[in-house]
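Trainee:
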Amino acid sequence: MVKYKPELKAQIVHEYLSTAQSTYDLSKKYHIGKRQIAKWIQGYRLNGPDVLKRRRHKRNFTADFKINVINYYQTHEDSMAEVAARFNVSPPQISVWRSRFEREGITALNPQPKGRPPKVNHPKKQRRQLAHQSELDRLKEELAKKNQELYETKMERDILKKSLTLFGPSKPGRKRK
Numbered sequence: 001m002v003k004y005k006p007e008l009k010a011q012i013v014h015e016y017l018s019t020a021q022s023t024y025d026l027s028k029k030y031h032i033g034k035r036q037i038a039k040w041i042q043g044y045r046l047n048g049p050d051v052l053k054r055r056r057h058k059r060n061f062t063a064d065f066k067i068n069v070i071n072y073y074q075t076h077e078d079s080m081a082e083v084a085a086r087f088n089v090s091p092p093q094i095s096v097w098r099s100r101f102e103r104e105g106i107t108a109l110n111p112q113p114k115g116r117p118p119k120v121n122h123p124k125k126q127r128r129q130l131a132h133q134s135e136l137d138r139l140k141e142e143l144a145k146k147n148q149e150l151y152e153t154k155m156e157r158d159i160l161k162k163s164l165t166l167f168g169p170s171k172p173g174r175k176r177k
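Using full-length UniProt numbering, you'd call the opening residue of the sequence shown number 1 and step up by one each time.
Take a look at the structure:
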C-alpha cells in the first residue's frame with residue numbers, strides 16, 4: 001500500500017476544489033488512482049483537513065462509538081463507504097463490527113485484550129503475591145470464594161429437592177428369581 005504525504009493530498013484536494021478539474025484529470029496528472037483521490041475529497045468535505053494527515057497512533061474505539069456507527073449505517077440510506085468517510089473509519093471495519101454485533105451482541109463490540117494470555121501462576125509466585133496483598137484484600141477475596149461455594153451448594157441442594165418432588169424418592173428395585 002502506497003502512502004502519500006499529507007501535503008500532496010492537500011494539494012490535490014485544493015486543486016480539485018479550486019479548479020474545475022475532474023478526478024480523472026488529477027489521476028492522470030499525479031499518477032494516482034481516481035478512487036483514491038475521490039476518497040480524499042470526500043473525507044476532506046466531511047471531516048476537514050485533519051483527515052489528510054497520517055495517523056501516528058493506533059485508534060481504539062469504544063463500544064458506544066461502534067454502536068453509533070452501526071446504527072447510523074442501518075438507519076440512513078448512505079452507502080458503507082459514505083458512512084466510513086463520515087466517521088473516519090474504513091468500510092471493512094464497519095462490516096466486521098456489524099457482523100460481530102449481529103452474531104454475538106453488544107459484548108462482541110467491547111475492546112478485546114491484546115497479546116498472549118499470561119502463563120499459569122506458580123505456587124511460589126502466588127505465595128509472594130499473597131504476602132504483598134493487604135490483610136483486608138485477602139479476607140475479602142476469601143469471603144467471596146466462600147460465598148460462591150455456598151451459592152453453588154445451595155443450587156445443588158435445590159436441584160436435588162426439585163428432582164425429588166418431580167420423580168419421587170428412588171426405591172430399590174426387587175430382583176426376580
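The beta carbon of each residue, even a glycine, is placed where N, CA and C say it ideally should be.
What's the C-alpha gap between L17 and S99?
Mentor: As a working mapping, residue 17 is identified with position 17 in the sequence shown. As a working mapping, residue 99 is identified with position 99 in the sequence shown. Going by C-alpha positions, L17 is about 37 Å away from S99.
Trainee: For the alpha helix (DSSP H) containing V96, name the first residue and the last one.
Mentor: Start at 1 with the first residue of the sequence shown, and residue 96 comes out as number 96. Start and end: 91-104.
Trainee: Which class does D25 belong to by DSSP, given the choice of helix, strand or coil?
Mentor: On the sequence shown, position 25 is the one that residue 25 refers to. The answer is helix: DSSP assigns D25 an H, G or I state.
Trainee: Taking residue 181 as part of the alpha helix (DSSP H), name the residues at either end of that continuous run.
Mentor: Nothing about residue 181 can be read from this structure; the chain reaches only from 1 to 177.
Trainee: Enumerate in chain order the residues of its own chain whose CB-to-CB distance from L164 is below 8 Å, with the five nearest sequence positions on each side excluded.
Mentor: Counting from 1 along the sequence shown, the entry for residue 164 is found at position 164. Here the set comprises nothing.
Trainee: What do you reckon, are the CB atoms on N88 and N47 nearer than 7 Å?
Mentor: Counting from one through the sequence shown, the residue named residue 88 turns up at place 88. Counting from one through the sequence shown, the residue named residue 47 turns up at place 47. Yes, these two residues count as a Cβ contact at 7 Å.
Trainee: Taking Q42 as the reference, which of F101, E15, A81 has the closest Cα?
Mentor: Taking the sequence shown and counting its residues from 1, the one referred to as residue 42 is at position 42. Looking from the CA of Q42, the closest CA among F101, E15, A81 belongs to A81.
Trainee: Could you name the residues of the same chain whose beta carbon sits closer than 7 Å to that of N60, not counting the 5 residues immediately before and after it, in chain order?
Mentor: The residue given as residue 60 occupies position 60 in the sequence shown. Closer than 7 Å at the Cβ level, and outside the excluded window around N60, lie P111.
Trainee: Of the residues L139, Q11, I37, which one's Cα is nearest the Cα of S22?
Mentor: Translated into positions along the sequence shown, residue 22 becomes position 22. Minimum Cα distance to S22 is reached at I37.
Trainee: With a threshold of 8 Å on Cβ separation, who are the neighbours of I70 within its own chain once the five nearest residues in sequence on each side are excluded?
Mentor: Numbered from 1 along the sequence shown, position 70 holds the residue referred to as residue 70. Hits under 8 Å: I94, W97, R98, F101.
Trainee: So, Y24 versus K34, is the Cβ gap smaller than 7 Å?
Mentor: Taking the first residue of the sequence shown as position 1, residue 24 is located at position 24. Taking the first residue of the sequence shown as position 1, residue 34 is located at position 34. Between Y24 and K34, the C-beta gap is smaller than 7 Å, which places the two residues in contact.
Trainee: Use the C-beta contact count for A85: other C-beta atoms within 10 angstroms, 16 or more gives buried, fewer gives exposed.
Mentor: One-based indexing of the sequence shown puts residue 85 at position 85. Here A85 is buried, its C-beta having at least 16 other C-beta atoms within 10 Å.
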